[in-house]
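Contents: one structure, followed by commentary.
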Amino acid sequence: MLYIENVSKQFDNGFTALERITLKIEPGEIVTLVGTSGCGKSTLLRIVAGLEFPSLGGVLIDNELITAPHPKVGLVFQEPRLMPWLTVQENIEFGLHNLPLPERRRRSEAVLAKVHLTPFAHALPRQLSGGMAQRVAIARSLVTQPDILLLDEPFGALDAFTRARLQDHLLEIWGYDRPTLLLVTHDVEEALVLSDRIIMLHPNPGRIFKVLRVDLPRPRQRSSVQFQELKEQLLLGLDLAGAAPALVKR
Amino acid sequence: MGFYTRSSDLAPSSEPQNGRSPAKATHSRQQATWGAGARTGAKGLSRHRWLRSRYQGWVLPIGLLIAWELLSRLGVFPPNLLPAPSTVTATIWGLAASGELVRHIGITLFRVVLGFGVGTLAATVFGALTGYSPVAHRYLDPLLQALRNIPSLAWVPLFILWLGIFETSKVALIAVGVFFPVYLNLMSGIQNVDRKLVEVGKIYRLSQIQLIYRVFFPATLPAYIVGLRNGLSLGWMFVVAAELMGASQGLGFLLIDGQTTGRPAIILASLLLFALLGKLTDSLLAALGKRLLRWQDTYISA
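As they're listed, the protein sequences go chains A and B. For the first sequence, this note's numbering assigns the number 1 to the initial residue and increments by one for each residue that follows. For the second sequence, this note's numbering assigns the number 251 to the initial residue and increments by one for each residue that follows.
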């Protein structure tokens, strides 16, 4: 269980990135944070990951207050961030430094198969395409068997085709162990394809504006009427959130 | 690298050392390649392939040597000022035959290697400290930068006074010369390590030591190797300075000896040996670097 309790974040320069964010996320749930840039969604993810600390409030994972990166939490960054000197397989094993070699190999090979990259186990990062590199990054997070996987605009830098394929792929991977997924995106369709719940944030300061529950069965048809209706709703909500901070304050 | 490998893959016959033409194995690499080039020349394009191969670097020096020899024989260059390459080679043979050459090269190499080792060791310790720890940087770096701005040769009188005129002062001078490029490259290399990769290390809860060993060390290696190569070339520069100041042996001594006894062939022989040894040691470092940095996504490796 992941609790985000009354989290506020004010940076040293006085900018308030987040204000009083409270969220409760069930195990196995897929939750997406959407919002225009500057609404603090990445900051919130980094706070859950233990890379940054809230000015007020806190994050609880299984009733444990997060003060540093948690072993049961994985983070996939916007960029793959692979170590260029390690092969694909060694990169995937990067987080398994406390395990004996045979166990490391066994686990990385299993994950390599899950992300369909077994033939590239010994390739170097520079030989990979953007989509492949991001799959390696996802595999690196999965191999530690996290209960909670955080993804910070994981497909933002990829072309539309690759993005759609990786979204389906992420759901396939999620299906194996059903970890909690908490994603950040500014792609409305991505949020709708993946999520059980969509949290809309508005900027200045980052605050929860609206929550949208998506009850469509998976796999979701992007062209279906319900999908398009939800998309309209979401876009309208975001429009309000982006355009109306002054209005909301009054 | 791929470019070069590919071009020789296309023309395997231009690589006699791979055992395909054992008859040529006793020839020097140079001659064997010439032979191979001539042999495959009949097939057309291979001459161009040879020109694009790794032996390109030899074309200009050999051409100049031939021109120099020819012009000397024609009497264009006065032999008492600029002796022919054959005379210089003969001088080197003479020195080698008397056993003097090994002694001179040995002592010079000893000084460079020792000075390089001491300088590199100190620079690695200080560079790692000031690069990794902002506190150490604030305390140490201003002083080291100030010392760096003293021209290294200006230390000579002090070193001679403190350490005497024998090996210690020479090695110290070389070590000072080697220190700064290695220090600077290592420090800035560590400071420029991608914060994003360090964050990955933090997510996987690496300890400080693990972070240094698994992220900082490999990420800094390219800059460190550049520093080592710069340091080594300065090491060769300072061994000459040290030996010019006062030595009874070494390649630098040969320079002075040639000057005072009016034998330009000796000076040229010494220069040639410096060029060869410098290039050889640098190539060793470069090869080591290439081996360690195969992962780099660079223009040549692409």
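Idealized CB from N, CA, C, for every residue including glycine.
Here the C-alpha atom of residue 24(A) lies approximately 12 Å from the C-alpha atom of residue 63(A). Between residue 518(B) and residue 326(B), the gap from beta carbon to beta carbon reaches 9 Å or more. Contact annotation for residue 449(B) against chain A: 51 [CB-CB distance below 7 Å, chain order]. Interface annotation for the region 521-541 of chain B against chain A: empty, criterion Cβ-Cβ distance under 8 Å. Per the C-alpha coordinates, the member of 411(B), 430(B), 322(B) positioned closest to residue 371(B) is 430(B). Straight across, the Cα-Cα distance linking residue 486(B) with residue 510(B) is about 22 Å. The Cβ neighbour count for residue 159(A), taken over all protein chains shown within 10 Å, is under 16; the residue is labelled exposed. Under the DSSP assignment, residue 79(A) falls outside any alpha helix (DSSP H); it carries neither an H nor an E label. With respect to the C-alpha of residue 43(A), the residue from 164(A), 78(A), 27(A), 137(A) having the closest C-alpha is 78(A). Within chain B, the residues 454, 456, 460, 464 have their CB atoms less than 8 Å from the CB of residue 97(A), given in chain order. Counting only runs of 4+ residues, the alpha helix (DSSP H) found wholly inside the region 64-149 of chain A occupies 88-92, 101-114, 130-142, in chain order.
Exposed is the label assigned to residue 6(A), since fewer than 16 other Cβ atoms lie within 10 Å of its Cβ. Shown in chain order are the members of the region 78-90 of chain A whose Cβ falls below 8 Å from a Cβ of chain B: 79, 81, 83, 84, 85, 86. Bridge partners of residue 200(A) according to DSSP: 34(A), 210(A). A distance below 7 Å between beta-carbons, with the five flanking residues on each side excluded, links residue 18(A) to the following residues of its chain, in chain order: 7, 8, 9, 40, 43, 44, 205, 206.
Per DSSP, reduced to three states, the secondary structure at residue 13(A) is coil, with no helix or strand assignment.
Against chain A, the beta carbon of residue 468(B) has neighbours under 9 Å at 83, 84, 85, 86, listed in chain order.
C-alpha of residue 388(B) to C-alpha of residue 380(B): approximately 8 Å in a straight line. A residue is called buried once 16 or more other Cβ atoms fall within 10 Å of its Cβ, and residue 111(A) is buried on that count. Within the region 58-75 of chain A, the residues whose Cβ lies closer than 9 Å to any Cβ of chain B are, in chain order, 68, 69, 70, 71, 73, 74, 75. Around residue 345(B), the same chain offers 351 as residues with beta carbons nearer than 6 Å, after the five sequence neighbours per side are excluded. Residues of the region 152-176 of chain A whose Cβ lies closer than 7 Å to any Cβ of chain B: none. By the CB criterion at 9 Å, residue 126(A) and residue 546(B) fall inside the cutoff. Per the coordinates, the alpha-carbon of residue 177(A) lies some 28 Å from the alpha-carbon of residue 224(A). Inter-residue distance for residue 384(B) and residue 432(B) is about 19 Å (C-alpha atoms, whole angstroms).
Taking 7 Å as the cut-off between beta carbons, the residues of the region 108-135 of chain A near chain B are 124, 126, in sequence order. For residue 158(A), there is no enclosing alpha helix (DSSP H), since its DSSP letter is neither H nor E.
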